[in-house]
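Just so it is clear: in the sequence shown, position 7 is 7 by this note's numbering, and no numbers are missing. Heads up, the beta-carbon is just placed ideally off N, CA and C, and yes, glycines get one too. Every value quoted in this text rests on a predicted model; they were computed, and no experiment measured them.
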Amino acid sequence: MKALLINGSPRKDGCTNRALEEIIATLNKEGIDTELFWIGNKPVPGCTACGFCIANGKCIYDDNVNSIGSRLDEFDAIVVGSPVYYGGPSGQIQSFLDRLFYTFGSKMDLKIGASVVSCRRGGATSSFDRLNKYFLMNNMIVAPSQYWNQVHGSKKEDVEKDEEGLQTMRALGENIAYILKCQAGAKIDKPIREKKIPTNFIK
Ligand SMILES: Cc1cc2nc3c(=O)[nH]c(=O)nc-3n(C[C@H](O)[C@H](O)[C@H](O)COP(=O)(O)O)c2cc1C
């Protein structure tokens, strides 16, 4: 079993990456293989509704959308991470996912989907909802956590202090592993939950 984690931030080693690292560590502890893909810091073309993908099964822009799309059979779960930009996911990740799902959406059937977002202060839930929309109209099973999947900060050191956010990522990782194992037919006990860590943003 393998999960693909996509870092949709132009900052390779920032807050989004830190959140994804926490999920990766949990998945690996549960015996799930992982691959982390960084979207990069160059502009990503958006969908131009040209119809090339419908006729040819690949996007007219022959970039990472096609290379990831052609490998989707390798992955049982897809986790998308993004920073919050003006109350929504980053432009790069939206452009990437528009083309990935428009071209390869039928390959997502019954894979596990999860999104995580990082913001300094506001816009987390609208971004989270936006990302989940890709999964929910492509027959994917959206994995839950104990809170909406968000961390807070401007740099990764801030996220380190967001103990509740990181705990939310660990719970998400456990739930993804649980669902994957159940899908594979295993009869397993429910995850043992950590004592909840509530953190507030008052210093
Ligand atoms: C263009 C831009 C827009 C942003 N908009 C918001 C916003 O609406 N709300 C917010 O809380 N933070 C906003 N931020 C801050 C980032 O969401 C935040 O620093 C995030 O944790 C960065 O994640 P990263 O280190 O993975 O890139 C914005 C940052 C940029 C560059």
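Hey, quick one: how far does the beta strand (DSSP E) through residue 81 stretch, first residue to last?
Note, residue 81: beta strand (DSSP E), 77 to 85.
With burial defined as no fewer than 16 other Cβ atoms inside 10 Å of the residue's Cβ, what is the status of residue 13: buried or exposed?
That one is exposed.
I want to know whether the segment 41 to 50 touches the segment 74 to 83 - three or more CB-CB distances under 8 angstroms.
Not touching, per the Cβ criterion.
Over the uninterrupted alpha helix (DSSP H) stretch that includes residue 183, give me the two end residues.
Here the alpha helix (DSSP H) through residue 183 covers 163 to 183.
In the DSSP assignment, the beta strand (DSSP E) including residue 35 goes from what residue to what residue?
Unbroken beta strand (DSSP E) run through residue 35: 33 to 38.
Is DSSP giving residue 4 helix, strand or coil here?
Note: residue 4 maps to strand in three-state DSSP.
Put residue 117 into one of helix, strand or coil per three-state DSSP.
The answer is strand: DSSP assigns residue 117 an E or B state.
So what does DSSP say about residue 14, is it helix, strand or coil?
Residue state, collapsed to three classes: coil.
Taking buried to mean at least 16 other C-beta atoms within 10 Å of its own C-beta, is residue 20 buried or exposed?
Buried.
CB of residue 79 to nearest heavy atom of ligand 1: below 7 angstroms?
It does not: the Cβ of residue 79 is nowhere closer than 7 angstroms to a heavy atom of ligand 1.
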